[in-house]
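Chemist: Per the numbering used here, the sequence shown starts with residue 17, numbered consecutively.
Beta carbons are placed, not taken as given, at the ideal position from N, Cα and C, and that holds for glycine.
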Amino acid sequence: LEGLNRHSSVHAAGVVISDVPLVERVPLFSPKDDIVSQYSMKDIEAVGLTKFDFLGLKTLTVIKNALNFIKESHHIDLDINDLPLDDPQTYQLLMKGETDGVFQLESSGMKDLLVNFKPDHIEDVIALIALYRPGPMKMSQDFISRKQGKQQITYELPQLEPILKETYGIILYQEQVMQIANVIGGYTMSQADTLRKVMGKKLVAAMEKEKPKFLEGAKKQKINENKAKTIWEKMETFAEYGFNKSHSAAYAMITYQTAYLKAHYPVAFMAALLTSEKDNRDKIIKHMSNCKEMGINILPPDINESQKDFSISGENIRFGLAAVKNVGEAAMESVIAIRQEAKFTSFLDFLSRVDLRKVNRRVIESLIKCGSFDSLGNNRCQLMECLDQAMDEAQRIQKESLSNQASIFDQMEATGPSETNGGSSFHIPNLPEWDRKELLSIEKETLGFYITGHPLHGYKNRLKLVTNANSATLSSKRDKDTITIAGVISSCAERLTKKKEVMCNVVLEDLQGSVNIIFWADIYKKFYELLHDDEPVVIQGSIDIGDESLKVIAQDVILLSKALENPYKQVRFMVDAEKVSPEGIISLNEAIQKYKGRCESYIHILNEKSEIIVH
């Protein structure tokens, strides 16, 4: 067995294209339902076949859905392929880094780059997408300085200016390597493409063969040998980081299109974004939080207004009925079809018109709990209390209707808390609504999200007093960093360790999303009661970046309300030891100057205190 292949794998999105049936050119095999080449990617090319990578982007569906929403709400047929590429509003959005949901520009690092770089035309967007990778990021500061005129742009030869002007004198694209080889080294474009490949793949032996050829070509064009060597060295350095401009430009167009939609039609764009992520709970929470920051309200499901998925309601977004737990798409499609004849006027009117085989008790209960019937005039507590009686009455009305025994009371409207139909009286009890905490809890149970409120909303403006991270910013932290995060416990999954002790995987939810937190047995035992309370908590722990996901290892837990009683005790500055004066006390001005970059969250505390203690 030693030395044999362990398994066969399939190249994601890689499609082999041939001018004759593949079986005549390459051995095939069939894992599951696919037909796959037995040759690897490089061997396929060596035998003369073409391999294409076909990438499917969810973003294209987002754009399509946004265009549909724009047509419905604004009555505009927007041609996404004919947008003005010099739109100031779009570049303003990019310069501010307000790019949640914008293709390729969502990460915190990219937002920082946007704010510093301040792109103002499409070539800048193309360059940013090529720059934001581990290698080229080293060049980003030079790139920014040159764009802003802080660093002089120079060219080894005048012939290089037309090639490198768009990237401020820096070799960024593979196509630029090809152009330089063509213009300076006298290569044909086909030969230049070969050079691009060997440089990009760092094939040292092949590059050594190409160097004399390049220098000879430059000599024929009467270019100084030292200049030619300098240019070759720069090509060698940058070619390994080079990116296809063609690829970057294609991505940049989609980036620009999504940014344009967000800048001009934010409600339609966010509705499309939410629809595309309807099965991803964390993404939904993140986008809902982003909507609130943009002044867009997410409205709860409404039996008369909601569509199957997210939809637009004026300047707000309405939650879809199919998103409610225990409510199937087929049931909601039947409800929406019946509603097209006439809107529902009351709870009993709804029950008596829908197919109670499809819209069963479980479905109706979920619709009540999430607030779908709130607009019909009765509260959720009342409807839950009379649900069985209402369903019996609705079934009686449907039977009468089927047997054509229409009652003289059929057209009578219910008054007050009772509805009278078919000679029988159906009463909705006069009960107060559930309290706010219970409403939110039941809403979360049926939707998976807090829509009309969140347990953290009352603390929103003070969270930075006691935290230094949230679920959205954790990805920018380093392994082993100490973080403090606030939220509500949405689930606790206990399991036994090898020592037969009980540990727990906790999901903490905040206003931006959720994070997995590991409680080892001793810590779990210590904070068991706090973790099984419904109150918001503050958890301190260390970042654990694994192979598959980021987690937090818990160290300490405190109730959020208690932490806020004395927030100054919670403040910690992570600073280098040598920067702190021997006695550990520094002045306010010194603190702001030295530590501003690391403790933006606490600047308001620094402004309140004449001096601080740095731990």
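1. Which of the three DSSP states is assigned to HIS443 in this structure?
2. Within a Cβ cutoff of 7 Å, which residues of the same chain sit near LYS496, ignoring the five residues on either side of it in sequence?
3. Tell me which residue opens and which closes the beta strand (DSSP E) that SER530 is part of.
4. By the three-class DSSP mapping on this structure, what secondary structure does LEU575 have?
5. Threshold first: 4 residues or longer. Then list the alpha helix (DSSP H) segments lying entirely within the stretch 67-126, N to C.
6. Measure how close the beta-carbons of ILE533 and ILE555 come, nearest whole angstrom, since I'm counting them as under 8 Å.
7. Buried or exposed: where does THR115 fall if 16 or more other Cβ atoms within 10 Å of its Cβ makes it buried?
8. According to DSSP, is ALA570 helix, strand or coil?
9. What's the C-alpha gap between VAL42 and ILE561?
10. If you follow the alpha helix (DSSP H) that ASN198 is in, where does it begin and where does it stop?
11. Shortest alpha-carbon distance to GLU581 belongs to which of LEU546, LEU481, CYS520, ALA488?
12. Can you tell me whether SER327 is buried or exposed? The criterion is at least 16 other CB atoms within 10 Å of its CB, across all chains shown.
13. Alpha carbon to alpha carbon, how far is ALA570 from ASP295?
14. Tell me which residue opens and which closes the beta strand (DSSP E) that THR498 is part of.
15. Is the stretch 381-389 touching the stretch 462-472, taking contact as three or more C-beta pairs under 8 Å?
16. Which same chain residues end up closer than 8 Å to LEU547 when comparing Cβ atoms and leaving out the 5 residues on each side of it in sequence?
17. DSSP three-state label for SER329, please.
18. Would ILE333 pass as a contact of ILE314 if the rule is Cβ separation under 8 Å?
19. I'd like to check one pair, VAL199 with MET215: are the Cβ atoms closer than 8 Å?
20. Under the rule that 16 or more other beta-carbon atoms within 10 Å means buried, what is ILE51, buried or exposed?
21. In terms of residue numbering, what span does the beta strand (DSSP E) encompassing SER558 cover?
22. Which parts of the stretch 203-269 are runs of the alpha helix (DSSP H), unbroken and 4 residues or longer, counting only runs that do not cross its ends?
23. Is GLY165 helix, strand or coil by DSSP?
24. Identify the continuous beta strand (DSSP E) that holds ASN521 and give its terminal residues.
25. Where does the unbroken alpha helix (DSSP H) through LEU60 begin, and where does it stop?
26. With a CB to CB cut of under 6 Å and the five nearest residues on each side skipped, what residues in its chain are close to ARG212?
27. With distances taken between CB atoms, is the gap from ILE301 to GLN528 smaller than 8 Å?
28. Look at the alpha carbon of VAL283 and the alpha carbon of SER329, and state the distance between them as a whole number of angstroms.
29. Cutting at 8 Å between CB atoms, please list the residues of its own chain near LEU337, excluding the five before and the five after it.
30. In angstroms with no decimal places, state the Cα-to-Cα distance between ASP592 and LEU17.
31. May I ask you to list the residues that DSSP assigns as paired with GLY30?
32. Count the other C-beta atoms from every protein chain shown that fall within 10 angstroms of the C-beta of MET205, then say buried if there are 16 or more, exposed otherwise.
33. Tell me PHE159's beta-bridge partners as DSSP assigns them.
34. With distance defined between alpha-carbon atoms, name the residue in TYR257, SER457, GLY233 nearest to ARG149.
35. When burial is assigned at 16 or more other CB atoms within 10 Å of the CB, is ILE92 buried or exposed?
36. Using only the alpha-carbon positions, how far apart do LYS245 and GLU139 sit?
Modeler: If we stick to the structure as given:
1. One-based indexing of the sequence shown puts residue 443 at position 427. Here HIS443 sits in strand by DSSP.
2. If you number the sequence shown from 1, residue 496 lands on position 480. These residues qualify, in order along the chain: SER558, ILE559.
3. Within the sequence shown, the letter at position 514 stands for residue 530. Per DSSP, SER530 belongs to the beta strand (DSSP E) from 530-535.
4. Here residue 575 refers to the residue found at position 559 when the sequence shown is read from its first residue. Three-state result, LEU575: strand.
5. Along the length of the stretch 67-126, whole alpha helix (DSSP H) runs at least 4 residues long occupy 74-90, 104-111, reported in chain order.
6. Numbered from its first residue, the sequence shown carries residue 533 at position 517. Numbered from its first residue, the sequence shown carries residue 555 at position 539. Confirmed, Cβ separation roughly 6 Å.
7. For the purposes of this step, residue 115 is taken as residue 99 along the sequence shown, with counting starting at 1. Residue burial annotation: THR115 is buried, with at least 16 other C-beta atoms found within 10 angstroms of its C-beta.
8. Translated into the one-based positions of the sequence shown, residue 570 becomes position 554. Reduced to three states, the DSSP call for ALA570 is strand.
9. Mapped onto the sequence shown, residue 42 falls at position 26. Mapped onto the sequence shown, residue 561 falls at position 545. VAL42 and ILE561 have their C-alpha atoms roughly 42 Å apart.
10. Residue mapping note: residue 198 aligns to position 182 of the sequence shown, counting from 1. For ASN198, the uninterrupted alpha helix (DSSP H) segment begins and ends at 190-199.
11. Position 565 of the sequence shown holds residue 581. Of LEU546, LEU481, CYS520, ALA488, the smallest CA-CA separation from GLU581 is found for LEU481.
12. The residue given as residue 327 occupies position 311 in the sequence shown. Buried is the call here.
13. As a first step, residue 570 is located in the sequence shown; it is residue number 554 there, counting from the start. As a first step, residue 295 is located in the sequence shown; it is residue number 279 there, counting from the start. In a straight line, the C-alpha of ALA570 is about 28 Å away from that of ASP295.
14. Numbered from 1 along the sequence shown, position 482 holds the residue referred to as residue 498. Bounds of the beta strand (DSSP E) holding THR498 are 498-512.
15. Yes: at least three Cβ pairs fall under 8 Å.
16. Position 531 of the sequence shown, counted from the start, is the residue given in the question as residue 547. Within the same chain, and ignoring the five residues on either side of LEU547 in sequence, the residues whose Cβ sits closer than 8 Å to its Cβ are ILE505, CYS508, CYS520, VAL522, PHE535, TYR540, VAL553, VAL573.
17. The residue you call residue 329 lines up with position 313 of the sequence shown. Under the three-state reduction of DSSP, SER329 is assigned to strand.
18. Translated into the one-based positions of the sequence shown, residue 333 becomes position 317. Translated into the one-based positions of the sequence shown, residue 314 becomes position 298. Yes, the pair counts as a contact, with Cβ atoms nearer than the cut-off.
19. Counted from its first residue, the sequence shown places residue 215 at position 199. Counted from its first residue, the sequence shown places residue 199 at position 183. In this structure, VAL199 does not lie closer than 8 Å to MET215 by Cβ.
20. Residue numbering aside, residue 51 sits at position 35 when the sequence shown is read from its first letter. Around the beta carbon of ILE51, fewer than 16 other beta carbons sit within 10 angstroms, so the residue counts as exposed.
21. The residue given as residue 558 occupies position 542 in the sequence shown. Boundaries of the beta strand (DSSP E) harbouring SER558: 553-561, taken from the DSSP string.
22. The qualifying runs are 205-216, 220-236, 241-255.
23. As a working mapping, residue 165 is identified with position 149 in the sequence shown. Reduced to three states, the DSSP call for GLY165 is coil.
24. Start at 1 with the first residue of the sequence shown, and residue 521 comes out as number 505. Note, ASN521: beta strand (DSSP E), 518-525.
25. For the purposes of this step, residue 60 is taken as residue 44 along the sequence shown, with counting starting at 1. In the sequence as displayed, the identity of residue 60 is Ile instead of Leu. It spans 57-62 - the alpha helix (DSSP H) in which ILE60 sits, taken as one unbroken run.
26. The residue you call residue 212 lines up with position 196 of the sequence shown. Result list for ARG212: GLN190, VAL193, MET194, in chain order.
27. As a position in the sequence shown, residue 301 is number 285, starting the count at 1. As a position in the sequence shown, residue 528 is number 512, starting the count at 1. Judged by their CB atoms, ILE301 and GLN528 are nearer to each other than the 8 Å cut-off.
28. Here residue 283 refers to the residue found at position 267 when the sequence shown is read from its first residue. Here residue 329 refers to the residue found at position 313 when the sequence shown is read from its first residue. One C-alpha to the other measures close to 9 Å.
29. Residue 337 sits at position 321 when you count from the first residue of the sequence shown. PRO317, ILE319, SER322, GLN323, LYS324, VAL343, MET348, VAL351, ILE352, LEU383, SER388, listed in sequence order.
30. Here residue 592 is taken as the residue at index 576 of the sequence shown, counted from 1. Here residue 17 is taken as the residue at index 1 of the sequence shown, counted from 1. Only weak support exists for where ASP592 lies, its pLDDT of 36 falling under 50; the coordinates are left without a value.
31. On the sequence shown, position 14 is the one that residue 30 refers to. ASP69, per the DSSP bridge assignment.
32. Along the sequence shown, read from residue 1 onward, the residue named residue 205 stands at position 189. Counting of Cβ neighbours within 10 angstroms places MET205 among the exposed residues, the total staying below 16.
33. One-based indexing of the sequence shown puts residue 159 at position 143. Per the DSSP secondary-structure output, PHE159 pairs with nothing in a beta bridge.
34. Translated into positions along the sequence shown, residue 149 becomes position 133. For ARG149, the closest alpha carbon among the candidates TYR257, SER457, GLY233 is that of TYR257.
35. Counting from 1 along the sequence shown, the entry for residue 92 is found at position 76. Burial call: exposed.
36. For the purposes of this step, residue 245 is taken as residue 229 along the sequence shown, with counting starting at 1. For the purposes of this step, residue 139 is taken as residue 123 along the sequence shown, with counting starting at 1. As the crow flies, the alpha-carbon of LYS245 is around 29 Å from that of GLU139.
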